[in-house]
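*Asks:* Everything in the sequence shown is counted per my numbering, starting at 2 for the first residue and increasing by one.
In this text, a Cβ means the ideal position worked out from N, Cα and C, and glycines have one as well.
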Amino acid sequence: MQHPAIDLSAYFRRIGHHGPSAATLATLAALVRAHAAAIPFENLDPFLGRPVALDLADLEKKLLHDGRGGYCFEHNLLLSHVLRALGFRVRGLAARVIWNQPADRITPRSHMLLHVDLDGQAHIVDVGFGGLTLTGVLRLVADVEQPTPHEPFRLVAVDDAFRMEAQVRGEWQPLYRFDLQEQFQADYEVTNYFLSTHPGSHFRTGLIAARAAADRRYALRNRNYAVHHLGGDTERRVLDTTDELRRVLVEEFAITLPDDPELEHALEQLPR
Numbered sequence: 002m003q004h005p006a007i008d009l010s011a012y013f014r015r016i017g018h019h020g021p022s023a024a025t026l027a028t029l030a031a032l033v034r035a036h037a038a039a040i041p042f043e044n045l046d047p048f049l050g051r052p053v054a055l056d057l058a059d060l061e062k063k064l065l066h067d068g069r070g071g072y073c074f075e076h077n078l079l080l081s082h083v084l085r086a087l088g089f090r091v092r093g094l095a096a097r098v099i100w101n102q103p104a105d106r107i108t109p110r111s112h113m114l115l116h117v118d119l120d121g122q123a124h125i126v127d128v129g130f131g132g133l134t135l136t137g138v139l140r141l142v143a144d145v146e147q148p149t150p151h152e153p154f155r156l157v158a159v160d161d162a163f164r165m166e167a168q169v170r171g172e173w174q175p176l177y178r179f180d181l182q183e184q185f186q187a188d189y190e191v192t193n194y195f196l197s198t199h200p201g202s203h204f205r206t207g208l209i210a211a212r213a214a215a216d217r218r219y220a221l222r223n224r225n226y227a228v229h230h231l232g233g234d235t236e237r238r239v240l241d242t243t244d245e246l247r248r249v250l251v252e253e254f255a256i257t258l259p260d261d262p263e264l265e266h267a268l269e270q271l272p273r
């Protein structure tokens, strides 16, 4: 299958990658870590009622040139284009999110992640899971704790699928469940349309942002702002004013705010 060509130089500039680009595990790990630190998770477009486009030209414009971030489809589709251009063997997968829900709940396949086959070993990559975005590369092996630049992660075998878990404050927390059925652009377009336009979607009804810096994670849900220090404490505060919200979005989440007349009103309307 032919895939459109991505501007690799623009991507490397955006994430600050100056190292090798050969299709190796070291390159993959470096790209994942730099991507998670440089390109924020954010839902400003659906929050403002704007469409979320998944074609490569729009992904490049928004995430590489306009200083924006996005959510799982945008992040992982962009990375999939990069990896294929570098010679990696990549397949898109889909997951059922169970974060903060019972681990056996049947939820829709609303999340995207990547399967990367490297030297005969399958790996999982996911730069688009918000506050617990995977900052490392996991081997696709079950029931083995694996270190990442942030929390330890593991994949738990569940029937013919896997459950992704992260160790948070010493406890294993389930994030999502996935199998290895390949997904395609058309599959993501359908789910993306629902999540970005349905009035009940949490991407429409509130503000979400996250970024994984080297020694901490930043997280925002509406006005609730948290800084989770690596292996340490969490700072929490409520951003009462729109000026505070704007400043944190720009300075801590590294988002170039869209020039949209609705933004001020939408931020002001967030519940206090």
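Does DSSP put N223 in a helix, a strand or coil?
*Replies:* Reduced to three states, the DSSP call for N223 is coil.
*Asks:* Grab me the residues of A220's own chain with a C-beta within less than 6 Å of its C-beta, minus the 5 sequence neighbours each way, in chain order.
*Replies:* If we look at A220 and ignore the five residues flanking it on each side, its Cβ neighbours are G132, A211 and A227.
*Asks:* According to the neighbour-count rule (16 or more other Cβ atoms, all chains shown, within 10 Å of its Cβ), is S197 buried or exposed?
*Replies:* Answer is buried; the Cβ neighbour count reaches 16.
*Asks:* Looking at H112 and Y1, is the spacing between their C-beta atoms short of 8 Å?
*Replies:* There is no way to answer for residue 1, as the model of the chain reaches only from 2 to 273.
*Asks:* Quick one: Cα of G207 to Cα of R222, how far?
*Replies:* Using only the alpha carbons, I get a separation of about 7 Å.
*Asks:* Is the beta carbon of A86 less than 8 Å from the beta carbon of L9?
*Replies:* The answer is yes: Cβ separation under 8 Å.
*Asks:* What beta strand (DSSP E) runs, 3 residues minimum, are completely inside the region 102-153?
*Replies:* Runs of the beta strand (DSSP E) inside the region 102-153: 110-119 and 122-126.
*Asks:* Among residues of its own chain, excluding the 5 on either side of W173, which ones have a beta-carbon nearer than 8 Å to its beta-carbon?
*Replies:* Same-chain partners within the cutoff: R155, E166 and A167.
*Asks:* Three-state secondary structure (DSSP) at R15?
*Replies:* Residue state, collapsed to three classes: helix.
*Asks:* Taking contact to mean 3 or more Cβ pairs, one atom from each stretch, closer than 8 Å, check whether the region 98-111 and the region 140-149 are in contact.
*Replies:* No: the two stretches stay apart, fewer than three of their Cβ pairs being nearer than 8 Å.
*Asks:* Which same chain residues, not among the five before or five after A39, have their C-beta less than 8 Å away from its C-beta?
*Replies:* Answer for A39: R15, I16, G17 and A255, listed in chain order.
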